[in-house]
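Residue numbers (the working numbering): 13 to 117.
No residue lacks a Cβ here, since even glycine has one placed at the ideal position from N, Cα and C.
Let me begin by presenting the structure, written as structure tokens, before commenting on it.
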């Protein structure tokens with residue numbers, strides 16, 4: 013329904029908006045996600061340890077995927093997009109192409 017909405021979050025496609033016209037489960041390897049977070053922090057002038065970030069990320073993933081209430085998982089009808097080796101522009105292009113393909117505007 014116009015005007016539409018883009019929502020980002022771990023439960024968006026399964027809990028918050030289960031009837032969404034397009035659901036993208038965006039993922040990347042733990043190592044790539046840690047590297048991206050590390051770069052964000054360094055760019056902000058915040059000291060960070062890549063190894064600590066990776067361990068924190070792995071622990072959070074484990075907690076989220078194995079919790080008893082609303083565990084982290086893609087919606088059954090979500091498009092799974094592994095962005096490990098993609099630029100942000102490539103991710104955007106892939107999502108826009110899927111939206112066009114489904115007639116979502």
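Pick from 55, 60, 38 that is closest to residue 99, judged by C-alpha positions: 38
What distance in whole Å lies between the Cβ atoms of residue 28 and residue 3, which are believed to be in contact at a cut-off of 8 angstroms? Nothing about residue 3 can be reported from this structure: the residues present for the chain run from 13 to 117 only.
Apart from the five residues just before and just after residue 91, which ones in its own chain have a Cβ nearer than 6 angstroms to its Cβ? 36, 110
Could you tell me whether the stretch 66-84 touches the stretch 103-117, using the rule of 3 or more Cβ pairs below 8 angstroms? no
Any idea what DSSP makes of residue 92, helix, strand or coil? strand
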